[in-house]
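Read left to right, the sequence shown gives residues 1013 to 1236 (this note's numbering). Structure, as structure tokens:
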Amino acid sequence: MMLQIPGVLTPDEAAAMRAALRAADWVDGNVTAGRQSALAKQNRQLPEDSATAREQGGRVLDALGRAPLFVAAALPSKIYPPLFHLYGVGETFGDHIDNAIRFRAGSEFRLRSDLSATLFLNDPDEYDGGELIAEGSPPVKLPAGDLILYPATTVHRVTPVTRGERIASFFWIQSMIRDGAARALLLDLDRSVQELGARAGQDDPAIVRLTGVYHNLLRRWAEL
Ligand code: NI
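What follows is the structure, given as structure tokens:
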């Protein structure tokens, strides 16, 4: 399932991030690609250890923490420090599946990628092409500041950019709930309890019990 999360960054925050990124030095995108995906990948990326990537990545993480739908849907245990890529005219990323385990060079950090995320940083009318296409889902091209979350098990690609530049942040999430079907059930339960609670009042005894069911399922299934 692909889930759109609107407004992770405000238009002003996205514009400030774009300006910082445009001023940075970009390198060949194959620095993070696996062997198969290196053949398919033609784009540019900020080096992971660059000051700009670290600073702007921190801003993305802060914004994610303020996005309740992201937290409810992903139930993150670990988030890979956000990376940034840029596709100019003719650049593309053909069909691939993201690596299952991500390491950060020179650190103990490692993560099982359960979910992949792309945070769009410029608006769709600034470029042609550059759609994210995941197997079985319609093409995705979102407003600046919106995020798309999808299972990392999905074959996906970015279509060639034919005008302008596409700038985005991308990263992976290890979820406390490894099983996607269980994670979807928890999101459905969470949203339903919120909706019912808004109508019946959070202190309604049935809402209290249902909230307990949510937390007790999370306690039963979560791996930290
Ligand atoms: Ni990918």
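For glycine and all other residues, C-beta sits at the position ideal for the given N, C-alpha and C. A quick note: this is a predicted structure, and the numbers were derived from the prediction, not measured.
query, result
"Collapsed DSSP secondary structure at D1137 in the structure displayed", "helix"
"Member of D1024, A1117 and A1156 whose CA lies at the smallest distance from the CA of P1136", "A1156"
"DSSP-derived helix/strand/coil call for A1079", "coil"
"For H1168, the nearest candidate out of I1179, V1152, E1235 and T1174 (CA to CA)", "V1152"
"Beta-ladder partner(s) of Q1016, from DSSP", "I1160"
"DSSP beta-bridge partners of L1053", "Looking at the sequence itself, residue 1053 is Lys, so the reference to Leu does not match. Paired residue(s): F1105."
"T1166 beta carbon less than 7 Å from that of E1147", "yes"
"For L1098 and N1055, believed in contact at Cβ under 8 Å, the rounded distance", "7 Å"
"For G1176, the nearest candidate out of K1090, A1193 and G1142 (CA to CA)", "G1142"
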